[in-house]
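**Student:** Residue numbers (my numbering): 5 to 259.
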Ligand SMILES: [Zn+2]
Ligand SMILES: [Zn+2]
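#1: Does ligand 3 have a heavy atom nearer than 8 Å to the CB of residue 13?
#2: Kindly examine ligand 1 and report whether one of its heavy atoms sits closer than 8 Å to the Cβ of residue 80.
#3: Measuring CA to CA, which of 154, 142, 147, 62 is closest to residue 30?
#4: Where DSSP assigns a beta bridge to residue 232, which residues make up the other side?
#5: Under DSSP, the beta strand (DSSP E) around residue 217 begins and ends at which residues?
#6: Counting only runs that start and end within the segment 24-94, where is the beta strand (DSSP E) found for 3 or more residues in a row?
#7: Thinking residue 163 and residue 188 are a contact (beta carbons under 8 Å), I'd like their distance in whole angstroms, please.
#8: From residue 9 to residue 247, what does the alpha carbon distance come to, in whole angstroms?
#9: Does ligand 1 have even one heavy atom less than 8 Å from the beta-carbon of residue 88?
#10: Which partner residues does residue 310 have in the DSSP bridge list?
#11: Three-state secondary structure (DSSP) at residue 225?
#12: How long is the line joining the alpha carbons of residue 223 and residue 118, rounded to whole angstroms?
#13: Does DSSP put residue 138 in a helix, a strand or coil?
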């Protein structure tokens, strides 16, 4: 079995995110990812995943693997990434998320356009939900929802002073069944590991949580500014899951 190195940035927003630049159209995301030497990306908009398929289609024939995902905002205002296998139908998951967002229409007067696009960067609609809001899901419910749809749950940017599990709760609950913990590009991987790793709950049954570092790109030039090298067989979520768990010889290292 020959494992290959796949450079991955699994936290990238598009023009659908209220805070993502409008320039984050599918083709720009794909071009940015290729320019950054990435092999795998995940599209992780706030509380939505409606542009992931268009980015995957735009990447067709380029060799870039695109995983669908999203970044859930919990009722504690903590961000949790959900990463899924390519081709997963996230419609049922999004129905749950939208039902638990505040019932405020995304009026253009105070929220930036939440643009839904096709693979050719054509605008096909605007998401009407308040994606910038927090859901009424707890961190536990968010992790369960992600796992219930076959995904990996990653605590976002735990080094940031806001919107992370640590900033909001003060710690990572030992019984929160995360698959990994992410630090932002504000920190080097080594500094992240010194500050947040190994995240092994004292006396808990869990092994240390793997630490990853991704870009959280909201602009094309930010894509790939933080990435991980996965030593895996093929660019699938199943292989990434094995690498995070250190199974079957798969590994993940800072890129
Ligand atoms: Zn976030
Ligand atoms: Zn983000």
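The beta carbon of each residue, even a glycine, is placed where N, CA and C say it ideally should be.
**Tutor:** This is what the structure holds:
#1: Although ligand 3 was asked about, the structure shown includes only ligand 1 and ligand 2 as ligands.
#2: no
#3: Nearest in C-alpha terms to residue 30, of all of 154, 142, 147, 62, is 62.
#4: 12, 258
#5: Element bounds for residue 217: 215-217.
#6: 44-50, 69-77, 83-87
#7: 6 Å
#8: 11 Å
#9: For ligand 1, not one heavy atom lies less than 8 Å from the Cβ of residue 88.
#10: A question about residue 310 goes unanswered here, because the residues of the chain that appear run from 5 up to 259.
#11: helix
#12: 15 Å
#13: coil
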